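Residue numbers (my numbering), protein chains in the order written: chain A, 1 to 206; chain B, 1001 to 1289; chain C, 2001 to 2132.
C-beta atoms are modelled at their ideal positions from N, C-alpha and C, and glycine is treated no differently.
The structure presented is a predicted model; accordingly, all values stated were derived computationally and were not measured.
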């Protein structure tokens, strides 16, 4: 028969030493072997004192699969410090790194909360857009209020557009006035007018 | 909505906008997509959960699902939306894709001494790994040329014991063509069918908790992983970890098969979608480190 | 539209953008011009849909989670059988490097936000051979 059982059986297969002490795991983070780096990053999720070392590694890491594990472990070890380090990648030109950071931050409402106001007031409009994207996906009761505030204060059209988009999903009746003001402010822009009307229709449907 | 008016199975109906908003949210969270034609089904499940949570309106309930910190209600809603049923040859177009697409691609240029490894996880009461085995034996013309290992794992020791025993009711085998039923099963009375020993003994059943790194770390060099309708029960982070675990367990060029309504697109970009016949599966890049 | 001989069978467009109102906006414009529109919300999902279906045109936002528009297009261009579907990228920046990146990743045309509705319709017609 073509079907065979594994000689040793999976459970009996040789166990590689995946664990190890923190010091040797930290060393493995910069191993030449991507699997060793992934293993170390994965194991270090159980060691809160390694959070900053994982953040450091992320600055140099180029392998997409290792980056993925680093982000996952940092979500596990989330703290305001970790969120602050991740937020720095919102400025990165490397789309994969930037997107990874955005997704990770969307998983840590409490940790990113203290940074939100800085990010929403950043000089770089792209960073403000990413902050709005994060806010829209966050499990965070304050999100609708903060997004409404963006509509009132923000001058950059693309940041406003991102906020309208987020409010279409999480907004409540309290956002409608600010949305209508925004529509008046950008009455010449076909998309903003359309987006505001869509958002209001969705909110009213609630 | 006034206080005397409580939602109930009889009078609850969502507006078009509410439905659109809900299915989009649910898709974003679970990767499960409901079309307009599933509206009745979706509404019934929601109204059940609204009753259980004593929600006054859809809006109240939706806010609970969206903003509850521990995500517990979302999980309960997912459970309600995904009542699972398992039977032989369930979603068999994926087994066809295994025979016609994945296996031929995997053996191209491969050394014959290298066994093919297929992992069914979770295997539940065994219908899936046995269905894989039957498909390979019946429909793959190269089956005799290769050593093929089928591993089947589940977290539930009781269900795993049932899988090992291999005894099934009529409902479970109803999709099997009669000649395959008689070839691989023996009727044992009371409407039950016993899977034949040769087949039963060719599958490795193991207890494994997919979220336990130490346990899953032992599963290496897999060519195909069937992980259907499991990840929908996980939260975002656990789902990422599961995808990364499968990446680790696969050989470069190996495949992951998810349930028909599931997608990797909300989890990870580690895998490349590939189309085989009518199904999309996910491949670990051949160049993966 | 009535004089366009090849519009009997409407063309299928896949809009790939993470913004829900943006997708609806493009959908409304393209529907009005008789295009059939489907949506994807990130690069991975867009790739999945392109692999699983056949489209006459892709409208691709550049900044998206999971997989950005450039990466998605490069992956699609490598895939036999689907690699030649026309694609228009839409980015927020008018920087020259963006147009170069768009063409390098396999875009046939690129637009910069905000995109006026008429422009979108015209480009979509041009790219799908529905020129008047």
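- Using a Cβ-Cβ cut-off of 7 Å, residue 103 of chain A counts as an interface residue toward chain C, since at least one Cβ of chain C sits closer than that to its own.
- Comparing C-alpha distances from residue 1143 of chain B to each of B:1153, B:1128, B:1132, B:1014 shows the shortest one belongs to B:1132.
- A direct Cα-to-Cα measurement between residue 2077 of chain C and residue 173 of chain A gives close to 45 Å.
- Fewer than three pairs of CB atoms, one per stretch, sit closer than 8 Å, so the stretch 1062–1081 of chain B makes no contact with the stretch 1183–1199 of chain B.
- Collapsing the DSSP output to three states places residue 1239 of chain B in a helix.
- Taking 8 Å as the upper bound for CB-CB distance, residue 1069 of chain B and residue 1281 of chain B are not in contact here, some 35 Å apart.
- Cα atoms of residue 2056 of chain C and residue 165 of chain A: separation of roughly 27 Å, rounded to the nearest angstrom.
- Residue 1152 of chain B has B:1120, B:1205 as its beta-bridge partners, per DSSP.
- Contact residues of the stretch 1144–1166 of chain B toward chain A are 1144, 1146, 1147, 1148, 1149, 1150, 1151 (C-beta to C-beta distance below 7 Å).
- Where residue 2090 of chain C is concerned, the enclosing beta strand (DSSP E) starts and stops at 2087–2091.
- Scanning chain C for C-beta atoms nearer than 8 Å to the C-beta of residue 1104 of chain B yields nothing, as the closest lies near 15 Å away.
- By alpha-carbon distance to residue 2040 of chain C, the top candidate from C:2033, C:2052, C:2113, C:2117 is C:2052.
- Around residue 85 of chain A, the same chain offers 55 as residues with beta carbons nearer than 7 Å, after the five sequence neighbours per side are excluded.
- Rounded to whole angstroms, the Cβ separation of residue 2047 of chain C and residue 2064 of chain C is 11 Å, and the two are not in contact under 8 Å.
- No Cβ of chain C is located within less than 7 Å of the beta carbon of residue 83 of chain A.
- Residues of chain C with a Cβ closer than 8 Å to the Cβ of residue 158 of chain A are, in chain order, 2092, 2113.
- With a beta-carbon spacing of about 4 Å, residue 1047 of chain B and residue 1012 of chain B fall inside the 8 Å limit used to define contacts.
- In terms of Cβ geometry, residue 1164 of chain B and residue 1205 of chain B form a close pair [threshold 7 Å].
- With a contact defined as Cβ atoms closer than 8 Å, residue 2066 of chain C and residue 121 of chain A miss out at about 27 Å.
- Cα atoms of residue 1064 of chain B and residue 1137 of chain B: separation of roughly 50 Å, rounded to the nearest angstrom.
- Residue ranges of uninterrupted alpha helix (DSSP H) with 4 or more members, entirely inside the stretch 2009–2070 of chain C and ordered along the chain, are 2020–2032, 2043–2052.
- Here the stretch 2025–2038 of chain C makes contact with the stretch 2119–2129 of chain C; the two share three or more CB pairs at distances below 8 Å.
- Unbroken beta strand (DSSP E) stretches of 3 residues or longer found wholly inside the stretch 2101–2131 of chain C: 2109–2112, given in chain order.
- Across the stretch 2106–2130 of chain C, no CB contact with chain B closer than 9 Å is found for any residue.
- Between the C-alpha atoms of residue 1203 of chain B and residue 1196 of chain B there is a straight-line separation of about 12 Å.
- The contact set of residue 1021 of chain B on chain A, defined by CB atoms closer than 9 Å, consists of 168, 169, 202, 205, 206 in chain order.
- Using a CB distance cut-off of 7 Å, residue 2060 of chain C does not count as an interface residue toward chain B.
- If you look at residue 109 of chain A, you'll find it in the alpha helix (DSSP H) that goes 109–120.
- Beta-bridge partners assigned by DSSP to residue 1224 of chain B: B:1118, B:1255.
- Residue 146 of chain A sits away from residue 163 of chain A, with the two beta carbons spaced by 7 Å or more.
- Rounded to whole angstroms, the separation of the alpha carbons of residue 1148 of chain B and residue 1256 of chain B is 17 Å.
- A check of alpha carbon separations from residue 45 of chain A across A:77, A:53, A:27 identifies A:77 as the nearest.
- Cβ neighbours of residue 1219 of chain B within its own chain (closer than 7 Å, five residues either side excluded): 1119, 1249.
- The residues 80, in chain order, have a CB closer than 6 Å to that of residue 114 of chain A in the same chain once the five nearest residues on each side in sequence are set aside.
- Among the CB atoms of chain B, none fall inside 7 Å of the CB of residue 73 of chain A.
- Using a CB distance cut-off of 7 Å, residue 2019 of chain C does not count as an interface residue toward chain B.
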